[in-house]
Every structure is written in structure tokens, then in C-alpha cells.
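Visitor: So the protein lines, in turn, are chains A and B. Here my numbering is used: the first residue of the first sequence is 1, the next is one more, and so on. Here my numbering is used: the first residue of the second sequence is 141, the next is one more, and so on. Handing you this structure, nothing more for now.
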Amino acid sequence: MGTAISNMLGAGEGNESEHSGVTKLSSSAQWQLHFNGMKDSNQLLVIDFSASWCGPCKSFEPAVRHMAVKFTDVSFVKVDVDELPEVAKEFDVTAMPTFVLMKNGKEVDRIVGAKQDELENKVTKHRGGDSDDDHHQMVK
Amino acid sequence: MLLLYILPNLFYKYHFSSTSHQALPLPSLSPHTNTNTHFLCSVLVATSSVLFYPQFFSDLPMAVSGFEGFEKRLELRFFNDSITNTNPIGLRLIDFESLDQVLNEVQCTVVSAVANHSFDAYVLSESSLFVYPTKIIIKTCGTTQLLKSIRPLIHLARNVNLTLRACRYSRGSFIFPNSQPFPYTSFEDEVVIVEESLPKSLRYRKASVMTPSNSNPSRAWHVFTASADVEPDESLVVVEVCMTELDRVNARSFFRRKGDEGNSDSAGKEMTRLSGIDMINANAFICDFAFDPCGYSMNGVDGDRYSTIHVTPEDGFSYASFECGLSLYDGGQGDIAEVLARAIDVFRPGCVSIATTYNGEDYDHEVTKRVERVLAKKLGLKCRSRLMDEFPGSGTVVYQSFTPRRK
């Protein structure tokens, strides 16, 4: 926990499978590019919904960065609910931080709050690229 | 050589007065308040207490010392004249690293957190922290140094242009008072420390120890308030419930089970569900955490309303607290009596105290009586004492204690 690596890249990433860090998507265009690029992918996408003023989100940042470094086969992106309010609304985000786990363009799981064990567990559970992961119930 | 002082029938409560203290006219209250002029002073030794209080011996904790569940609670409220469209979030602007440093001083850390549009809620290693735009509430248990947070928090608030308006410090009576560090070994010492940390602009001050004359062991409620105005600025009523001698079967829910995957969050969620805590306010989002090998904490978030529960389940010093801010006439989640009954029913304690701080709401005796009626009817709890007092900036405080009706 508490890795010194801070990877807040501005540009949206493509369909890269190796990426250690959290990609910040700041514009609608970046969001669309990244999200559409992942729709047909088996790769797990973790969307971190937070806000610049959200203390709990800040408290959790080191843990999220650490997980992004640890799980290089998972794509971690960060969305600020004030920068992309329509995306936040689309995903029904009311509390923060909210982590939405997506695979093949579908939501497979969600964590609300800075809950380290739960996030790590669910990322571990869903990150495999096997077909038995595709039929998980959406858990709120 | 231990000198033993037990004064079984002499109780004193004293009002601390300082030169800046403005005398607050007390409304004429029930005769119970006359017992507030008494103060219990005792140093207890197990063997001697058997002679004076044979019944007390069975209430003594098995352990010489264990985890202290009873919390110290600090509330700081700020003027809202700098809350504008350009700065709508006030205290929430304080960066987390700074808050974390303050928590380090107090000797606790964040284990879970969540935020919504109204406030930030943190579950701490030893209780909870809530940050609203103009209000901070920290509640810590164990042997934490809560009062060390006052000066740094006032300073951090000033950095975001907020000026302190009122302060309230409250706690019950520790199960293990001798395990507390200075100044928490004596309420007078705590009051000195709080007073020194506050600016002179908070000129209306009062300290009070509300001691029921017949409780055994004596569980008093300690309150200190300081305010720039006599009139309270807070509209929500705050209820603080302290429960001891938890039902052993109910308390078992709050122990980690073998093979629960070592996941504090999912274990916490299980505890919330199995214990019925999720039904106290079905609307609230619950941010919960299960400690290892036992213990549980949760913060409830419902719009701008907070609630919080902390559980120390070990037999011999079991303890649970429930606190929430609410409006007396909500109607939404059932009234205050129903909420309290649901919360207390989770634990079925042998002893409960409820401190209700009215703040800006006018005291309503019907509410007090209804709480007593509902708890008697639904949980068989008999009200053993009821004390009231008035505080600058906090309004009326009612302190009730209950134990099960004897069969």
C-alpha cells in the first residue's frame, strides 16, 4: 500500500492489456474512446467514480493505485463526476467513491465506498478472461 | 495502601464556572434535576465493593482491563457565512492528508469511507469521523487522545475561511477509567484542556456531569459546551445511545467466523445483515467494517443524515453505541422512539443510556415519555432515571437510563 507511483495520464488508452496505473478520463471524447474500445474485450475494466473534493476518495487513492500496479491485466480508469456528470448519471452514481466493474461492455460488479478488501476481492474474482466469468450476477 | 472512599448516598455535580461564563437561566424542570447537585466520588476496589454493593460484584468485568467501548465525542460547528456558490463545501475542502495527520495525533486511522453530496463519512480504527460543510463530528473509543484534535482542526478550518462557532464535548462513564491516559482520568482535566484549546470568542460555556442517583454502577453523562451564541445553530436533534452487558447470543454476530475469506468488508456486510442493523433505517447506505478477531463499526448515510454504530462484543466488557442526527417529526423512518427501539433490539443490552441533545428544537416532553413507553412495551426496558439540563449552543439535553424490568 502507498506506492509512490502516480500514474494519472491525461490521454485515453486504447485496448492495451499491459498498463500499470490509473488512467484519468477527463472528457467525453476520452471516455467514449476508452469505453468503446473495451466493449468487445474480455479485459476487466474498473471505473473509479470520484470527485476532486471527495475526502474519502482521496483517502483511498493510494490503495487504488497499488491495485492498478498489481493487476496489470486490468484496466483502471478514473472519472470525476463533475467533469463527466452524464457518465456518472448513466451509471447511477450517488455515493463516492463508486467502482464499477465492466466486462464485454456489461457491468459485472460494483463497490460503493472506500472498501479495500471488497474491491481487491472482486477485481481478483472478475479479472480472469474465462467464459465462466461472463455469467456473474450483477451485485450491488 | 489503597484508601477507599465510597460515599454511597452522597452525589455531587458541580457547574464549572469561568469568568467568561454567562449565567444561563435554567427553566424550571422536573425535581430530578435537584439530584444534579450531587456528585459521586469513588475509588473502587473489588473486595470492598462486595461489602457495600453485593449486587455490584456480578456487574464487575471479568477482565481487569479490556477494550474501552465508551466513546469520547467532539463536535465543532462553524459559521456558514463563507459558504457561497464558489465555496459550497466548506470543511470538505480540507485535504485528506491534513485530516489524516490530525487523526494520527488522536491515534486512529481510516479503515473505510464514503461520501455523498452532503457529507463525508469515515470509519476509523477506533470509531467515526463525519465532515459536513460547517460541522465536524469525531467520536473515538479506546484510549484515544481526542482532544488533541481541537487546535489543529480549528487551524485547518481557518485555512478554508471558516470560523469556529460552537464546540461540544460529551462522553459517558468509562468501563475502565484507570486505563485512560491524562486528561481523560478526570472530567475536570478534560474541561481544562478543551477550554484552553478554544478561542475566547466562544464566550458562553458550561460543563456538567449528569449523574443518576440510583444507577449501579454509576454511569454519568458528561457534557461540555462552548458557543459564540446562547441560541443553538444546529437544527437536527442528536441522540447518543450507550449499551452495556449485550445479550451474549446477539453479541456473537460480531465475532469473525473461521473461513470468512479474511475479507473485512464482506464480513462487515454479513454482520450488518444478520444483526438486523440494516433495518434500523432501511433508506440508509451502510458503510461497515468488521474488525479481527471481533468488533464492528458502521456509518449510515441517508441524504444529509448520519448514523453510526460501534460494537465491542467481548463478554465482560461488551459495549455497543448507536448515534444519529434526526428530526423529531420526520414521520419518514418512524419516529425517534421506533428508531431507538430497533437499534437497541439488535443488542438486547442489560443496561442502556440515551442522551438526547435538542439543539435548536424545542424540548418536547411527549417525545421523552413516548421513548420510555415504547422501550418498556417493545423491549421490557424500564426507565430508571431521567435528568435534564440546558447548555449554551446545544439547547436541552435529556439523559435517560434503562435496565430490563425484573421478572
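The C-beta atom is built at its ideal place from N, Cα and C for all residues, glycine as well.
Is A/Val81 helix, strand or coil when you go by DSSP?
Guide: Counting from 1 along the first sequence, the entry for residue 81 of chain A is found at position 81. Coil at A/Val81, not helix or strand.
Visitor: Please report how far the alpha carbon of A/Ser75 lies from the alpha carbon of A/Gln43, in whole angstroms.
Guide: On the first sequence, position 75 is the one that residue 75 of chain A refers to. On the first sequence, position 43 is the one that residue 43 of chain A refers to. Approximately 7 Å, taken between the alpha carbons.
Visitor: Need the endpoints of the alpha helix (DSSP H) that A/Leu119 sits in, please.
Guide: Taking the first sequence and counting its residues from 1, one reaches residue 119 of chain A at position 119. Residues Gln116 to His126.
Visitor: Please say whether B/Arg305 and B/Ala368 have beta carbons closer to each other than 8 Å?
Guide: In the second sequence, the residue the question calls residue 368 of chain B occupies position 228. In the second sequence, the residue the question calls residue 305 of chain B occupies position 165. Against a cut-off of 8 Å, the Cβ pair of B/Arg305 and B/Ala368 comes out as a contact.
Visitor: Do we get a CB-CB distance below 8 Å when we pair B/Tyr469 with the residues of chain A?
Guide: For the purposes of this step, residue 469 of chain B is taken as the residue at position 329 of the second sequence. B/Tyr469 does not count as touching chain A.
Visitor: If you drop the 5 nearest sequence neighbours on each side, which residues of the same chain put their C-beta closer than 7 Å to that of B/Glu374?
Guide: Reading the second sequence from its first residue, position 234 is the one you call residue 374 of chain B. Cβ neighbours of B/Glu374 beyond the five flanking positions: Arg217, Asn499 and Gly500.
Visitor: Please look up how many angstroms separate the CB atoms of B/Ser268 and B/Asp444, rounded, as I've assumed it's under 8 Å.
Guide: Counted from its first residue, the second sequence places residue 268 of chain B at position 128. Counted from its first residue, the second sequence places residue 444 of chain B at position 304. About 16 Å; that fails the 8 Å criterion.
Visitor: Going along the stretch 252-263 of chain B in order, which residues come within less than 7 Å of chain A, judged by CB to CB distance?
Guide: Correct list: Ser252, Ala253, Val254, Ala255, Asn256, Asp260 and Tyr262.
Visitor: I'd like to know whether the C-beta atoms of B/Pro323 and B/Ile315 end up nearer to each other than 8 Å.
Guide: Taking the second sequence and counting its residues from 1, one reaches residue 323 of chain B at position 183. Taking the second sequence and counting its residues from 1, one reaches residue 315 of chain B at position 175. Against a cut-off of 8 Å, the Cβ pair of B/Ile315 and B/Pro323 comes out as no contact.
Visitor: Are the CB atoms of A/Ala114 and A/Ser59 nearer to each other than 8 Å?
Guide: Translated into the one-based positions of the first sequence, residue 114 of chain A becomes position 114. Translated into the one-based positions of the first sequence, residue 59 of chain A becomes position 59. Taking 8 Å as the Cβ cut-off, A/Ala114 and A/Ser59 qualify as a contacting pair.
Visitor: Can you give the Cα-Cα distance for A/Arg127 and A/Lys39, rounded to whole angstroms?
Guide: Locating residue 127 of chain A in the first sequence gives position 127, counting from the first residue. Locating residue 39 of chain A in the first sequence gives position 39, counting from the first residue. Cα-Cα distance, rounded: 15 Å.
Visitor: Spatial neighbours of A/Gly105 within its chain, please: CB distance less than 6 Å, with the 5 preceding and 5 following residues excluded, ordered by chain position.
Guide: For the purposes of this step, residue 105 of chain A is identified with residue 105 of the first sequence, where counting begins at 1. Correct list, in chain order: Lys39.
Visitor: Start and end of the alpha helix (DSSP H) containing B/Val250?
Guide: Sequence index remark: in the second sequence, residue 250 of chain B carries index 110 (1-based). Element bounds for B/Val250: not the alpha helix (DSSP H) but the beta strand (DSSP E), Val250 to Ala255.
Visitor: Identify the contact partners of B/Val250 in chain A, using a Cβ-Cβ distance below 7 Å as the criterion.
Guide: As a position in the second sequence, residue 250 of chain B is number 110, starting the count at 1. Chain A residues near B/Val250: Ser59.
Visitor: Show which residues of chain B have a CB atom less than 9 Å away from the CB atom of A/Val112.
Guide: The residue labelled residue 112 of chain A in the question sits at position 112 within the first sequence. Those are Val254, Phe425 and Cys427, listed as they occur along chain B.
Visitor: Helix, strand or coil for B/Cys434, going by three-state DSSP, please let me know.
Guide: If you number the second sequence from 1, residue 434 of chain B lands on position 294. DSSP places B/Cys434 in strand when its eight states are reduced to three.
Visitor: Residues in its own chain within less than 7 Å of B/Thr412 by CB, not counting five upstream and five downstream?
Guide: One-based indexing of the second sequence puts residue 412 of chain B at position 272. Here the set comprises Asp418, Ile426, Asp428 and Met438.
Visitor: If you measure beta-carbon to beta-carbon, which residues of the stretch 212-234 of chain B are closer than 8 Å to chain A?
Guide: Within the stretch 212-234 of chain B, the residues whose Cβ lies closer than 8 Å to some Cβ of chain A are Ile229, Arg232, Leu233 and Ile234, listed in chain order.
Visitor: Rank B/Ala297, B/Leu264 and B/Thr284 by C-alpha distance to the C-alpha of B/Ile103 and give the top, closest one.
Guide: This structure cannot speak to residue 103 of chain B, because chain B is shown only from 141 to 547.
Visitor: Contact check, B/Ile278 vs B/Ser265 under 8 Å by CB: the rounded distance?
Guide: One-based indexing of the second sequence puts residue 278 of chain B at position 138. One-based indexing of the second sequence puts residue 265 of chain B at position 125. Not quite, the Cβ-Cβ distance comes to about 13 Å (not below 8 Å), so this is no contact.
Visitor: For the stretch 87-120 of chain A, which residues have a CB atom closer than 7 Å to at least one CB atom of chain B, in sequence order?
Guide: Listed by position, the residues of the stretch 87-120 of chain A near chain B (Cβ gap below 7 Å) are Thr94, Ala95, Met96, Val112, Gly113, Ala114, Lys115, Asp117 and Glu118.
Visitor: By how many angstroms is the C-alpha of B/Leu519 removed from the C-alpha of B/Asp387?
Guide: As a first step, residue 387 of chain B must be located in the second sequence, where it is residue number 247. As a first step, residue 519 of chain B must be located in the second sequence, where it is residue number 379. About 13 Å.
Visitor: State the start and end residues of the unbroken alpha helix (DSSP H) segment that holds B/Ile315.
Guide: Residue 315 of chain B sits at position 175 when you count from the first residue of the second sequence. Where B/Ile315 is concerned, there is no enclosing alpha helix (DSSP H), given that its DSSP letter is neither H nor E.
Visitor: Give the single residue among B/Asp405, B/Leu233, B/Ser353 and B/Thr274 whose Cα lies nearest to the Cα of B/Ser525.
Guide: Position 385 of the second sequence, counted from the start, is the residue given in the question as residue 525 of chain B. Closest option to B/Ser525, Cα to Cα, is B/Ser353.
Visitor: In the DSSP assignment, find the unbroken beta strand (DSSP E) run with B/Pro544 in it and report its ends.
Guide: If you number the second sequence from 1, residue 544 of chain B lands on position 404. B/Pro544 -> beta strand (DSSP E) spans Gly535 to Pro544.
Visitor: Could you check the C-alpha separation between A/Ser52 and A/Asp80 for me, to the nearest Å?
Guide: Indexing the first sequence from 1 puts residue 52 of chain A at position 52. Indexing the first sequence from 1 puts residue 80 of chain A at position 80. Approximately 7 Å, taken between the alpha carbons.
Visitor: At 7 Å on the CB atoms, spell out the chain B contacts of A/Pro56, in chain order.
Guide: For the purposes of this step, residue 56 of chain A is taken as residue 56 along the first sequence, with counting starting at 1. Those within 7 Å of A/Pro56 in chain B are Ala253, Val254, Ala255, Asp260 and Tyr262.
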